[in-house]
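Here's the structure we're looking at; comments come further down.
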Amino acid sequence: MRFVSRLRGERAFWLLLTLILLILAVYGIEKAGLKPVSLLEAALLAMTPLALTAVGECINEKAGVVNIGLEGILLITAVVGVWGAELFSNGILGLLTGMLAGALIGFLFGLVSVYGRADQVVAGMGINVFALGFVPYLLMAIWAFPGIHLFPRELMVRPIYTFFGRLSPVTIAAIVIAILAHFFLHRTVLGFRIRAAGEKPEAADVAGVRIDLIRILTSTLGGALCGLGGAFMPLAWFGGIVKEISAGRGFIALACVVFSGLEPLLALVASFIFGFAEGFAYSVAVTPGIKEIIPFYFINMLPYIVTLLVVMLVIGRRRFPAASGQPYTRE
Amino acid sequence: MKRFEIPTQIRPLAESFITILIGLLAGALFMMPFGYKPQVAYPALFRGAFGSPADTLETLAFATPLMLTAITFALGMKAGLFNIGAEGQMYIGAIGATAAAGLIHLPPGLHLAVATALAMLVGALWALPPALLKIWRGVHEVISTIMFNWIAFHLSMYLAIYYLAEPGRAERTIPALPTARYPILTEEATLTAVIFVVLAFCIGIYIYLWGTKAGYELRLVGENPEAARYAGVDARRMIIMSFVIGGLAAGLAGASQVIGRPPAWSLYATLGNVIGLGFDGLGVALIGRNHPIGGIFAAILFGALQHGGRYMEYHAGVCSELVRAINGLIILALSVPEIWAIVKRRLRR
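Protein sequences, first through last, are from chains W and P. Letter 152 of the first sequence, counting from 1, is numbered 152 in the numbering used here, and no numbers are missing. Letter 312 of the second sequence, counting from 1, is numbered 643 in the numbering used here, and no numbers are missing.
As structure tokens, this is what we get:
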């Protein structure tokens, strides 16, 4: 019941509007000669890294840590994931390697923001800039090839064939994780403590909650989910890696977080909207009759334009935890 | 103003040096697992950067655009904004410079001025929407500027390939006409007279920030928004000022790589000769303590890393991109306000 009440009002309106737009879009796509199933598949693939990253960041921001270094974590874990997959000759172990690398970066970020009392925005951007240089460096250091690496197809994580078309197991995991995160945050003691750490750290501290541990935990968890999303991109989606593989997805995920007002389920919805825009862009880019008229550079802009529009429409009405992004000191 | 005693004045400088050391040390740690030798790589890097007068001039050529993209970020920080849009504004500026320098015919001197001015203008125009979105809709500038960076990336590629491509040379755009090129200073390096324009711009920003009422108001909004509001400062105007002047700087940075950098005098179709310079500016600004003059020195340092990085790649086999990773580590270290205290505590022990 609490779930229903939380989705009442404005948010319900957005959900409904999204649904209507999606149905209209699918209808229009069928008319235009595209296959809705392949479009849905593309949308769900594009949704997955966004959803994982955004859900992790929702939990993280609930506890009062803002990590804008998600883009960098996605980039690094994409490479580390492929490296792990080749090392263990197994795609799923590659995903886990990526997750572990993400958790490590998240853990370090947690340490820096909690005990170093860092400016979290600057620190997060530090991760992004680091990744911009570290990823091409890694590609050269590991595979001695500049900017791009293709790995054997056997390492790809196989999709599952379902009623909705081919679905990656990671996509299903992302949806399940979003639902679990919702119940975790709203129904468990630890979830309650996480929210307290972000909302009123002084009060939570007096009540015996270890703010430092909570924040490091959520930062690590957020990093791990982001790492899974990062490793997903090459290992279950693209089948290769380029040095700019994340292409702004870390920031689009931040837009999902903003859209959701830190609710994991709404973050899932938002990532589906953005994923749909991206999947739509891919589908349009290869459609005969369209690709000749609209240059593919403009189609590539679509996800970013949609992100700007959505953020522009919903923002300003979201309430964020009072202590979000603030270091906390015991007195 | 009692806070600014001599030891505290040196402190930021010392902090910057410590973080640079931390960055280089961590860079060495990242080299070792892959079998690279830092003891070979770093001397090569240093020799590459300052080994000869020509190399030092080349380092300055690398530093030139960074002084500007650092200003874009620093001006944002001064006004309390996290403007990371220099990257995209710089692409657009480079496109503006390419178009003006390659398509129009004008007398020498005037042509150069027009190309430079157009690049700065389009850079500023590209910076305007995120500022307006911030004011009207409260959209956070981190998200909006990144989205505009990516839109600028695809738009610039489109313009470079569809409208500005040189026939028969798919890898780059039409080169700037000789009338629109900054004079080369020496034959041994790619340094051109554009550096004087850039230095003048930096000094101009310094005078603006610390010598004018508008600059004072901009800093006030960043340092103490409450006080600024009571003083009747229009914060919205300051947001626009900070973004637009930042855009001018980024646009000029783009121009400096097209009409102020031999041998190509053009933009690569992959944007290869401008990519990343906007984000590099972020670290430069932070090392330079968000100060336009400090930024000049930080830019020279980072220019040295970039130019020396190519020698490091040649002599020690270490991919020069590691230099960017070191920049990121320096930013991370600088984000920790207590780093000075932490280091001091460690030393005392």
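Even for Gly, the Cβ is constructed at its ideal location relative to N, Cα and C.
In chain W, what lies closer than 7 angstroms to L399(P) by C-beta? Within 7 angstroms Cβ-Cβ: nothing; L399(P) doesn't reach chain W, min ~17 angstroms.
Contact criterion: CB-CB distance below 8 angstroms. Does W481(P) meet it with respect to chain W? Chain W has a Cβ within less than 8 angstroms of the Cβ of W481(P).
Which of helix, strand or coil does DSSP assign to R153(W)? Of the three classes helix, strand and coil, the one that applies to R153(W) here is helix, per DSSP.
Is it buried or exposed, E263(W), if we count other Cβ atoms within 10 angstroms and call 16 or more buried? Buried, because 16 or more other Cβ atoms sit within 10 Å of the Cβ of E263(W).
Since G198(W) and K62(W) are thought to touch, with beta carbons under 8 angstroms apart, how far apart are those beta carbons, to the nearest angstrom? The C-beta distance from G198(W) to K62(W) rounds to 5 angstroms, short enough to fall under 8 angstroms.
Report the three-state DSSP secondary structure of M520(P) (helix, strand or coil). Reading the sequence as shown, one finds Ala at residue 520(P) and not Met. Looking at A520(P) - three-state DSSP - the assignment turns out to be coil, as it is neither helix nor strand.
Taking the straight line between their C-alpha atoms, what separation do you get for L508(P) and G248(W)? Rounded to the nearest whole angstrom, the CA to CA distance from L508(P) to G248(W) is 35 angstroms.
Taking Cβ positions only, does N300(W) come closer than 8 angstroms to chain P? Yes, its Cβ sits closer than 8 angstroms to a Cβ of chain P.
Taking contact to mean at least 3 C-beta pairs separated by less than 8 angstroms, is the segment 399-411 of chain P in contact with the segment 582-593 of chain P? The answer is yes - the segment 582-593 of chain P touches the segment 399-411 of chain P, with three or more Cβ pairs under 8 angstroms.
Given I590(P) as reference, the closest of L456(P), M408(P), H442(P) once Cα atoms are compared: Per the Cα distances, H442(P).
Going along the chain, which residues of the segment 531-564 of chain P sit with their C-beta nearer than 8 angstroms to a C-beta in chain W? Of all residues in the segment 531-564 of chain P, none has a Cβ within less than 8 angstroms of some Cβ in chain W.
Those runs of the alpha helix (DSSP H) which lie wholly inside the segment 345-413 of chain P and span at least 4 residues: For the segment 345-413 of chain P, the continuous alpha helix (DSSP H) assignments of 4+ residues that do not extend past its boundaries occur at 369-381, 384-409, in sequence order.
Where E652(P) meets chain W, residues with beta-carbon distance less than 7 angstroms: Here the neighbours are G133, P136, Y137.
In the segment 151-192 of chain W, which residue ranges form an unbroken beta strand (DSSP E) of at least 3 residues, counting only runs that do not cross its ends? Here the runs fully enclosed are 160-162, 165-167.
Taking CB distances under 8 angstroms as the criterion, tell me whether P295(W) reaches chain P. Closer than 8 angstroms: yes.
Since I believe G659(P) is in contact with G98(W) (beta carbons under 8 angstroms), could you give me their beta-carbon distance rounded to a whole number of angstroms? Under the criterion of beta carbons closer than 8 angstroms, G98(W) and G659(P) do not qualify as touching, at roughly 19 angstroms.
For E519(P), collect the residues of the same chain with a Cβ closer than 6 angstroms to its Cβ; drop the 5 residues on either side in sequence, then sort them by chain order. Same-chain partners within the cutoff: A385.
Under a CB-based cut-off of 8 angstroms, is R215(W) close to chain P? False, the Cβ-Cβ gap to chain P never drops below 8 angstroms.
Given a limit of 8 angstroms on CB to CB distance, which residues of the segment 105-129 of chain W reach chain P? Per Cβ criterion, the list reads V112, G116, R117, A118, D119, Q120, V121, V122, A123, M125, G126, I127, N128, V129.
Let me check one thing: in DSSP terms, what residues is G240(W) bridge-paired to? Per DSSP, L150(W).
Determine contact between the segment 376-395 of chain P and the segment 631-649 of chain P, defined as no fewer than three beta-carbon pairs at a distance below 8 angstroms. Contact between the segment 376-395 of chain P and the segment 631-649 of chain P is present, because at least three Cβ pairs lie under 8 angstroms.
T53(W), DSSP secondary structure in three states: If DSSP states are grouped into helix, strand and coil, T53(W) belongs with the helices.
From the DSSP output, which residues share a beta bridge with I515(P)? In the DSSP assignment, I515(P) is bridged to T523(P).
Output yes or no for whether 8 angstroms exceeds the beta carbon distance between G81(W) and L235(W). Yes, the pair counts as a contact, with Cβ atoms nearer than the cut-off.
Compute the Euclidean distance between the alpha carbons of R210(W) and A580(P), then round it to the nearest angstrom. Computed Cα separation, rounded: 46 angstroms.
What residues from chain P crowd round V311(W), counting only those whose CB sits closer than 7 angstroms? Within chain P, the residues near V311(W) are V470, I474.
Cβ-Cβ separation, I160(W) to P169(W) (assumed contact under 8 angstroms), whole Å: 6 angstroms between Cβ atoms; contact.
Along the beta strand (DSSP E) that carries R503(P), what are the first and last residues, could you check? Looking at the DSSP string, the run of the beta strand (DSSP E) that includes R503(P) is 500-504.
Along the chain, where does the alpha helix (DSSP H) containing F130(W) start, and where does it finish? For F130(W), the enclosing alpha helix (DSSP H) covers residues 120-143.
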